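Chemist:
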């Protein structure tokens, strides 16, 4: 069973959280908060959350501007707002000390929260997020990419085909990538549109893409697992440097996986993180 929980984020923004309660044991101090990446939503974590719910309290958050959470026209979509929202979810839902599992931008939010509020965070899993700056060229590429989207899409099948096969960023067919984007589309009278505002996504990305985040990473004191897909955006050398910088870092790698490793390789993802979680959640 999945139930919706409401959280009041920074500045009064209404956030939707989803608790997966199937066969969950009432284990004190075993809260897990899952944070999706840019353009994602809580439902992308459903297989992971259901797996965790057998022994732990698993909650996935729709971050501001995403999913069913508020998308305030004036924002803010700053790093500070995202981190404050995550802290609000931990505190208001009684998850602390929490294990944070974040993908991409959600991983950055997770480690910044762990650095700023060590009292709230028990352990951390970083899924395919870089600590180095990506730069202005990367932001321009994303702007151009959004302009190429053939919105509105006539059907969800068209969504899956474009993101899984026709998108210029796709080197070979990736059906799970098409499924991933189909989950963030909603119907309107003239077709299917993203549930987020692409302009807001670019604003969100603008707040972190130009900066390196090594300093905040070094301030994370809890046990931390850095996970990368072999074909993901986080390279092996950078991932291993992140582990070195982390005071209590560990490393895992998933073959045959790209940036969406938790989504398109769920069994390998669980195998990679299970030993770490068993250690930190049962200690």
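Residue numbers (the working numbering): -1 to 281.
All residues carry an ideal CB built from backbone N, CA and C; glycine is no exception.
Quick caveat: nothing in here was measured; it's all calculated off a predicted structure.
With distances taken Cα to Cα, identify the nearest neighbour of residue 77 among 0, 196, 202.
Modeler: Cα-wise, what sits closest to residue 77 is 202.
Chemist: Report the residue ranges of all alpha helix (DSSP H) runs contained in full by the stretch 149 to 212; include only those spanning at least 4 residues, in chain order.
Modeler: 154 to 159, 173 to 180, 196 to 207
Chemist: Using three-state DSSP, classify residue 107 as helix, strand or coil.
Modeler: helix
Chemist: Pull up the CB-CB distance for residue 151 and residue 183, whole angstroms please, since I reckon it's below 8 Å.
Modeler: Between residue 151 and residue 183 the beta-carbon gap is near 7 Å, inside 8 Å, which marks them as a contact.
Chemist: Rounded C-beta distance between residue 227 and residue 252? I'm assuming under 8 Å.
Modeler: 5 Å
Chemist: Buried or exposed: where does residue 81 fall if 16 or more other Cβ atoms within 10 Å of its Cβ makes it buried?
Modeler: Around the C-beta of residue 81, 16 or more other C-beta atoms lie within 10 Å, and the residue is accordingly described as buried.
Chemist: For residue 249, list the residues DSSP reports as bridge partners.
Modeler: 224
Chemist: For the structure I just gave you, are there three or more beta carbon pairs, one from the stretch 123 to 134 and one from the stretch 230 to 246, closer than 8 Å?
Modeler: yes
Chemist: Among 57, 256, 105, 120, which residue has its Cα nearest to the Cα of residue 178?
Modeler: 256
Chemist: Taking all protein chains shown into account, do 16 or more other C-beta atoms lie within 10 angstroms of the C-beta of residue 145, making it buried, or fewer, making it exposed?
Modeler: exposed
Chemist: With distances taken Cα to Cα, identify the nearest neighbour of residue 213 among 45, 113, 53.
Modeler: 113
Chemist: Beta-carbon separation of residue 118 and residue 85 under 9 Å?
Modeler: yes
Chemist: Take residue 216 and list the residues in its own chain whose beta-carbon comes closer than 6 Å to its own, dropping the five residues that flank it on each side.
Modeler: 243
Chemist: Are three or more beta carbon pairs between the stretch 59 to 78 and the stretch 40 to 48 nearer than 8 Å?
Modeler: yes
Chemist: Are residue 124 and residue 222 touching if we call contact CB-CB under 9 Å?
Modeler: Against a cut-off of 9 Å, the Cβ pair of residue 222 and residue 124 comes out as a contact.
Chemist: In whole angstroms, give me the CA-to-CA distance for residue 16 and residue 264.
Modeler: Straight across, the Cα-Cα distance linking residue 16 with residue 264 is about 19 Å.
Chemist: Which word fits residue 141, buried or exposed, when buried means at least 16 other C-beta atoms lie within 10 angstroms of its C-beta?
Modeler: For residue 141, the number of other beta carbons within 10 angstroms of its own is below 16, and it is reported as exposed.
Chemist: Please state whether DSSP places residue 58 in a helix, a strand or coil.
Modeler: In the structure shown, residue 58 sits in a strand (DSSP, three-state: E or B).
Chemist: What distance in whole Å lies between the Cβ atoms of residue 5 and residue 56, which are believed to be in contact at a cut-off of 8 Å?
Modeler: No, residue 56 and residue 5 are not in contact; Cβ-Cβ is about 15 Å, not under 8 Å.
Chemist: Which same chain residues, not among the five before or five after residue 262, have their C-beta less than 8 Å away from its C-beta?
Modeler: Counting only Cβ-Cβ distances below 8 Å, and skipping sequence neighbours, we find 172, 174, 175, 178, 255, 256.
Chemist: In chain order, what are the residue ranges of uninterrupted beta strand (DSSP E) at least 3 long that sit wholly in the stretch -1 to 51?
Modeler: 0 to 6, 12 to 18, 29 to 33
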